[in-house]
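Sequences listed follow chains W and C, in order.
Counting with my numbering, you get residues 398 to 993 for the letters of the first sequence.
Counting with my numbering, you get residues 398 to 993 for the letters of the second sequence.
Just so you know, even glycine gets a beta-carbon here, dropped at the ideal spot from N, CA and C.
First comes the structure, then the notes that go with it.
Protein chains: 2
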Amino acid sequence: MPIYRAPVEDTLFVLRDVLGYERYNNLPGFAETPEVLEAVLGESARLAETDMHPLNRTGDVEGCARHEDGSVTTPKGFKKAYRQYREGGWVGLAAPVEHGGQGLPYTLHNAVSEYMVSANMALMMYPGLTQGAIATIITHGSDEQKARWLPNMVDGSWTATMNLTEPHCGTDLGLLRTRATPVGDGSYRISGQKIFISAGEHDLAENIVHLVLARIEGAPKGVKGISLFIVPKFIPDAAGNPVRRNTVACGSLEDKMGIHGNATCVMNYDDAEGHLLGEVNGGLKAMFTMMNEARLGVGLQGLAVAEAAYQNAAAYARDRLQGRSLSGAKAPDKPADPIIVHPDIRRKLMTMKAFNEAGRALLLWTAMQSDIAHRSPDEPDRQAADDLLGLLTPVVKGVLTDKGFDHAVMAQQVFGGHGYIEEHGMSQYVRDARIAMIYEGANGIQALDLVGRKLPLNGGRAVQAFFREVGEFCDENRSDETMAPYTKALKKGLNDLQAATLWLMQNGPRKPDNAGAASTEYMHLFGLVALGYMWGRMVKAAQARLAAGRDDAAFSQNKLVTGRYFMERVMPETTAQLTRISSGADTMMALPAEAF
Amino acid sequence: MPIYRAPVEDTLFVLRDVLGYERYNNLPGFAETPEVLEAVLGESARLAETDMHPLNRTGDVEGCARHEDGSVTTPKGFKKAYRQYREGGWVGLAAPVEHGGQGLPYTLHNAVSEYMVSANMALMMYPGLTQGAIATIITHGSDEQKARWLPNMVDGSWTATMNLTEPHCGTDLGLLRTRATPVGDGSYRISGQKIFISAGEHDLAENIVHLVLARIEGAPKGVKGISLFIVPKFIPDAAGNPVRRNTVACGSLEDKMGIHGNATCVMNYDDAEGHLLGEVNGGLKAMFTMMNEARLGVGLQGLAVAEAAYQNAAAYARDRLQGRSLSGAKAPDKPADPIIVHPDIRRKLMTMKAFNEAGRALLLWTAMQSDIAHRSPDEPDRQAADDLLGLLTPVVKGVLTDKGFDHAVMAQQVFGGHGYIEEHGMSQYVRDARIAMIYEGANGIQALDLVGRKLPLNGGRAVQAFFREVGEFCDENRSDETMAPYTKALKKGLNDLQAATLWLMQNGPRKPDNAGAASTEYMHLFGLVALGYMWGRMVKAAQARLAAGRDDAAFSQNKLVTGRYFMERVMPETTAQLTRISSGADTMMALPAEAF
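Laid out in structure tokens, this is it:
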């Protein structure tokens, strides 16, 4: 049976010591006292550990079942756990008070979501998708729509879905065929088939609000002709009570590699009643509101599953007796030493730990940009935060999920043969983590978003600000001898990233394939520098704690070691990435298609 | 439904043009004419494509079933396919003629096994394990034992297993508890439980020959006190007919992440009749004969599954229409371009292709060392080949399986969301490939074998010979301007590897954890140089074909491009690996166990 313990102390360190969370109390929602922050984290940890985590493996084994009438049953216990989550007010934690939410920081929502997703990713996908839908309705909905849909979504009695993909069209939404026909009363009839719809049908909520991309008859071809619609499973009356079944149904469930506890549905729309959300043919823009939120949420999944897998690997490595330390027996009274004494096991644990801790900081730092962008009274602050949020979102999604998967595999490897047996749960972490590299825009699309869209935006304003911030951090700390080893490695990485950026500026416009050929390596190079910067800030915060003589010196000392490991063992990759990027697209694109 | 086409032309290129297979006709078994070589490859390709491949996905879905009496049923169709394999003489292809084999080169056995394993890894594990058992009985068995066991194993009517692992003991065989009690008539009674026994029980063969590690009562503690036993499922009479059921039984089947078509058994030995194989307390040595053979076979699995996954990704990338090329529409008559036009898809395909082709060459080159070591009339040749075989075996096992898995994941990624759905078969490749990183010595153990055992052996004779060979290749070809871009990158990689080796020599003896901390990165650095060397030789062979004006210029041209890609995009990793290795063990080992 896998274990899981929410890393509350680490979250508090990132929020308070690294990000200075308590200094943001001029922002709405940030003004809670430290006790409330700790209480929220503690309560969410309890819910995750006690109520959600025990259902993770059983949910994987049981999976979801679709019945003849199209209804879907979730695994045993999911209903109760979802009700606890909902009744705890977790769905609307960061939603605006005027729509029934608690108005707490989005940063805090991310902090607690990490625990919940570590505990049970498949279960958390049901309310998880509601978040992006709430944001989309807030941003693009009319007042009437907000009043009609949001309260039940914010309190979790209704969940939501995103309906983009069709059998012949995933990344390229311009190809989509689902039709919307105006009825004349302001509503539309939606017809078509959508696939891969997470939480498309289930038994956890009273209603399901589908946000559906469709093409209004006569609309322009391509992405300029798609619009977004609200298509509820049950059509509510004026008081918000679901009264009439709409003609949308789950046609089948997909048989997937993982996230078995979540219902991935083929959804059939058969002249279903739909309501335009946002502008006619403005669907893509509206969808991006939802997607950007969801992309951070998927990056969080990469981190969360890797953290859970890591904790199990660490526990196994401390317990499993096998072989003797190369430097002499460490447990001479036992038949063998615990495998944590072996450097190659330690290498795996350190690699995972160094990534997870920096990944958590990066995720929360990014989420904080969202809070600042939406809540700060200061326009320049809002803009700077929005720039950074846009820049970091594809990095968080692409890098935390690629590495999260790699590290779930690494954690499984610590278990040897036992890792391959389903019973131990390590296979599930690998199978679950795998989807995060694919959905909400496969990671290759994240890389293209970063290189093709986010870098050149506003003349490179966002990326220049990021370079300036990291560069200044290095400069400010390089004369501090306790910081110098860290800033030196970080500065080297930053130089590689800046050189790669320059290469892109010089070679991308001339030949767009050069940008495409560089994109994935560039995203990972960017990720290394961003994570390295987080380590720089975490080490600085740990030094400050040590200097202040706090009584948890071991915690801070461990940060210094783990940060050093990241600089020594992980950052060297930046040089190789720069070399790859600079090799360009010519060789990559040289073969004819039939040569493969 | 996944596709598979055996890469016969590529195998022939490696065997003939690169390795000079036909120049070895002084070795027993190598004297077949080119027509026979092509016929063998062609026939095995047909068997793999037509009879084995269609059972791959169905075998995954159905899995194996254990019945109340302990018997195990394999998936539908496996019996017939195994019979075809057996009747085609494939089990004994490379086995000595005096034991009923065909005496053909082991190199050829590996070439055809790649096809079979690409087509159906789970099925091929049933006869696959028999190979190592045959080698072990040939090396360590008495004449009576050879006569009693080998003929039925070589003709495939009996299969074999390796029984090492116990619940508390995997890598550290010194901990094993299975007991062997001498009966007095020369035989032993074996009692204990073994786990993770591949092909431990099934319905494909008339008998199953278990090779079992056990401890004779009173034997020394640790690995010096373990002996190897032959424990058959049915005890044969003098004529070799299985007549009496032995007291060994499958207690349960493991529920695994993949290779569902293969029965992974818990085996219970309950005073089962066993016969000592090799010397008393000489079990480890005998087991290594089996393991070394098996390790090459597992490396082959890494390559084979990656090749099959790659072929499917390439086909999907040519077919799937999504988006437009960054350099302008390539299929303007269609609603979108095939995704193979996108650089990041191309990057994935090129990476997989460049690895697979070099991996095939490395595997066959290594297998050829086995043939030379066992069959050459020349003692220095035999020794040099045996050195190289020992050195390369952990590299082939560790690197081809780590990268094979990574590339199965990469191939799955090309499919986007469809790759996550079991129906398309890409998930199965990932799940199946995963085990190859674990069994026959987890890859961390391969790395330790390389660094701790193979490098220092005979004063570093093997590794020095390898460095000399690669260095001379670079020197000989650097003035050839068509070769220079390749040899320059290869030489750079070799320099990094030599620097890493020097670092190990200087820092390993002083502090053994330094060797352990470096081991995995060193193995991969070694693998890059070995694969890079294969690319150097393949490019040279392709240049020779072009110079000879052969009419398949496209084939050779493609090799030049793919080799260039490997040098530009893959080899840069060597620098990062050297930096990691040189950082040593101090930071890695600094944290106390409770910090994880």
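Inset, instruction - Would you list the residues sitting across from residue 671 of chain W in a DSSP beta bridge? - result: Start at 1 with the first residue of the first sequence, and residue 671 of chain W comes out as number 274. DSSP output for residue 671 of chain W lists W/585 as bridge partner(s).
Inset, instruction - Determine the contact status of residue 438 of chain W and residue 516 of chain W, defining contact as a CB-CB distance below 8 Å. - result: The sequence position of residue 438 of chain W within the first sequence is 41, counting from 1. The sequence position of residue 516 of chain W within the first sequence is 119, counting from 1. The answer is no: Cβ separation not under 8 Å.
Legend entry - Where the beta strand (DSSP E) containing residue 648 of chain C begins and where it ends: Translated into positions along the second sequence, residue 648 of chain C becomes position 251. Segment 645-650, the beta strand (DSSP E) holding residue 648 of chain C.
Legend entry - Bridge partner(s) assigned by DSSP for residue 555 of chain C: Stepping through the second sequence from its first residue, residue 555 of chain C is reached at position 158. C/604.
Legend entry - Cutoff 8 Å: residue 684 of chain C Cβ touching any chain W Cβ: In the second sequence, the residue the question calls residue 684 of chain C occupies position 287. It does not: the Cβ of residue 684 of chain C has no partner Cβ on chain W nearer than 8 Å.
Inset, instruction - Hey, could you find the ends of the alpha helix (DSSP H) residue 405 of chain C is sitting in? - result: One-based indexing of the second sequence puts residue 405 of chain C at position 8. Counting along the chain, the alpha helix (DSSP H) containing residue 405 of chain C begins and ends at 405-409.
Legend entry - Boundaries (first-last residue) of the alpha helix (DSSP H) holding residue 859 of chain W: Indexing the first sequence from 1 puts residue 859 of chain W at position 462. Looking at the DSSP string, the run of the alpha helix (DSSP H) that includes residue 859 of chain W is 854-874.
Legend entry - Residues of the stretch 731-744 of chain W whose Cβ lies closer than 9 Å to any Cβ of chain C, in chain order: Using a CB distance below 9 Å, the part of the stretch 731-744 of chain W facing chain C consists of 732, 733, 735, 736, 737, 738, 739, 740, 741, 742, 743, 744, ordered along the chain.
Inset, instruction - Could you have a look at residue 471 of chain W and say whether DSSP puts it in helix, strand or coil? - result: Stepping through the first sequence from its first residue, residue 471 of chain W is reached at position 74. Three-state DSSP puts residue 471 of chain W in coil, outside helix and strand.
Legend entry - Beta-carbon contacts of residue 607 of chain C that lie in its chain and below 6 Å, excluding the five residues immediately before and after: Translated into the one-based positions of the second sequence, residue 607 of chain C becomes position 210. Cβ neighbours of residue 607 of chain C beyond the five flanking positions: 558, 560, 628.
Inset, instruction - Output yes or no for whether 8 Å exceeds the beta carbon distance between residue 982 of chain W and residue 910 of chain W. - result: Here residue 982 of chain W refers to the residue found at position 585 of the first sequence. Here residue 910 of chain W refers to the residue found at position 513 of the first sequence. The answer is yes: Cβ separation under 8 Å.
Inset, instruction - Using alpha carbons as the reference points, say which of C/643, C/513, C/658 lies closest to residue 698 of chain C. - result: Locating residue 698 of chain C in the second sequence gives position 301, where the first residue counts as 1. When only C-alpha atoms are compared, the closest one is C/513.
Inset, instruction - Compare the beta carbon distance of residue 399 of chain C and residue 483 of chain C with 8 Å and say whether it is the shorter of the two. - result: By one-based count along the second sequence, residue 399 of chain C stands at place 2. By one-based count along the second sequence, residue 483 of chain C stands at place 86. No. Outside cutoff.
Inset, instruction - Would you mind stating whether residue 916 of chain W and residue 845 of chain W have Cβ atoms separated by less than 8 Å? - result: Translated into the one-based positions of the first sequence, residue 916 of chain W becomes position 519. Translated into the one-based positions of the first sequence, residue 845 of chain W becomes position 448. Cβ atoms of residue 916 of chain W and residue 845 of chain W: closer than 8 Å.
Legend entry - Neighbour flag for residue 505 of chain C against chain W, beta carbons, 8 Å: Here residue 505 of chain C is taken as the residue at index 108 of the second sequence, counted from 1. Judged by the 8 Å Cβ criterion, residue 505 of chain C is not in contact with chain W.
Inset, instruction - Look at the Cβ atom of residue 766 of chain C, then the Cβ atom of residue 755 of chain C, and state whether they are nearer than 8 Å. - result: Here the question's residue 766 of chain C lines up with position 369 in the second sequence. Here the question's residue 755 of chain C lines up with position 358 in the second sequence. No; because the gap between Cβ atoms is not below 8 Å, this pair is not in contact.
Legend entry - Cβ distance (whole Å) where residue 749 of chain W is taken to contact residue 821 of chain W below 8 Å: One-based indexing of the first sequence puts residue 749 of chain W at position 352. One-based indexing of the first sequence puts residue 821 of chain W at position 424. Residue 749 of chain W to residue 821 of chain W, Cβ: 17 Å. No contact.
Legend entry - Coil, strand or helix - residue 504 of chain W by DSSP: Translated into the one-based positions of the first sequence, residue 504 of chain W becomes position 107. Helix at residue 504 of chain W.
Legend entry - 4 or more residues per run - each alpha helix (DSSP H) lying fully within the stretch 426-498 of chain W: 431-443, 451-459, 475-484
Legend entry - Neighbourhood of residue 660 of chain C by C-beta distance below 8 Å, restricted to the same chain and skipping five residues each side: Within the second sequence, numbered from 1, the residue matching residue 660 of chain C stands at position 263. Contacts found: 461, 463, 469, 471, 595, 596, 597, 598, 599, 647, 650.
Inset, instruction - Measure the C-alpha to C-alpha separation of residue 828 of chain C and residue 816 of chain C and round it to an integer number of angstroms. - result: Counted from its first residue, the second sequence places residue 828 of chain C at position 431. Counted from its first residue, the second sequence places residue 816 of chain C at position 419. Rounded to whole angstroms, residue 828 of chain C to residue 816 of chain C spans 12 Å at the Cα level.
Inset, instruction - With a 10 Å radius around its C-beta and 16 neighbouring C-beta atoms as the bar for buried, classify residue 796 of chain C as buried or exposed. - result: On the second sequence, position 399 is the one that residue 796 of chain C refers to. It is buried - the Cβ of residue 796 of chain C has at least 16 other Cβ atoms within 10 Å.
Legend entry - For residue 824 of chain C, the first and last residue of its enclosing alpha helix (DSSP H): Residue numbering aside, residue 824 of chain C sits at position 427 when the second sequence is read from its first letter. Its alpha helix (DSSP H) spans residues 823-833.
Legend entry - Contacting positions in the stretch 592-622 of chain W - beta carbon closer than 7 Å to chain C: 593
Legend entry - Cα-Cα separation between residue 601 of chain C and residue 476 of chain C, rounded to whole angstroms: In the second sequence, the residue the question calls residue 601 of chain C occupies position 204. In the second sequence, the residue the question calls residue 476 of chain C occupies position 79. Using only the alpha carbons, I get a separation of about 5 Å.
Inset, instruction - Report the residues of the stretch 796-815 of chain W with a CB closer than 7 Å to any CB of chain C, ordered along the chain. - result: 810, 813, 814
Inset, instruction - Evaluate residue 624 of chain C with the Cβ neighbour count: other Cβ atoms within 10 Å of its Cβ, from every protein chain shown; 16 or more gives buried, anything less gives exposed. - result: Sequence index remark: in the second sequence, residue 624 of chain C carries index 227 (1-based). Buried is the call here.
Inset, instruction - Give a yes or no on whether the C-beta atoms belonging to residue 465 of chain C and residue 403 of chain C are separated by under 8 Å. - result: Locating residue 465 of chain C in the second sequence gives position 68, counting from the first residue. Locating residue 403 of chain C in the second sequence gives position 6, counting from the first residue. In this structure, residue 403 of chain C does not lie closer than 8 Å to residue 465 of chain C by Cβ.
Legend entry - residue 715 of chain W at chain C interface by Cβ criterion, 8 Å: To locate residue 715 of chain W, count along the first sequence from 1; it is residue 318. With 8 Å as the cut-off, residue 715 of chain W counts as an interface residue toward chain C.
Legend entry - Contact list for residue 719 of chain W against chain C, beta-carbon separation under 9 Å: Sequence index remark: in the first sequence, residue 719 of chain W carries index 322 (1-based). Near residue 719 of chain W (Cβ distances below 9 Å), the residues of chain C are 565, 566, 567, 568, 569, 572.
Legend entry - Cβ distance (whole Å) where residue 604 of chain W is taken to contact residue 630 of chain W below 8 Å: Indexing the first sequence from 1 puts residue 604 of chain W at position 207. Indexing the first sequence from 1 puts residue 630 of chain W at position 233. Separation of the CB atoms of residue 604 of chain W and residue 630 of chain W is rounded to 6 Å, and the pair is thereby assigned contact status at 8 Å.
Legend entry - Separation of residue 694 of chain C from residue 636 of chain C, as counted between CA atoms: Reading the second sequence from its first residue, position 239 is the one you call residue 636 of chain C. Reading the second sequence from its first residue, position 297 is the one you call residue 694 of chain C. Each residue's alpha carbon lies about 32 Å from the other.
Legend entry - Which listed residue (W/538, W/792, W/443) has its alpha carbon closest to that of residue 840 of chain W: Counted from its first residue, the first sequence places residue 840 of chain W at position 443. Selected option, being the one with the closest Cα: W/792.
Legend entry - Of the residues C/777, C/912, C/719, the one placed nearest residue 738 of chain C, counting alpha carbons only: The residue labelled residue 738 of chain C in the question sits at position 341 within the second sequence. For residue 738 of chain C, the nearest C-alpha among the options comes from C/719.
Inset, instruction - Could you please give the first and the last residue of the uninterrupted alpha helix (DSSP H) stretch that includes residue 958 of chain C? - result: Against the second sequence, residue 958 of chain C aligns to sequence position 561. First-last of the alpha helix (DSSP H) with residue 958 of chain C: 950-962.
Inset, instruction - Compare the C-beta of residue 985 of chain W against all C-beta atoms of chain C and say whether one is closer than 8 Å. - result: On the first sequence, position 588 is the one that residue 985 of chain W refers to. It does: the Cβ of residue 985 of chain W has a partner Cβ on chain C nearer than 8 Å.
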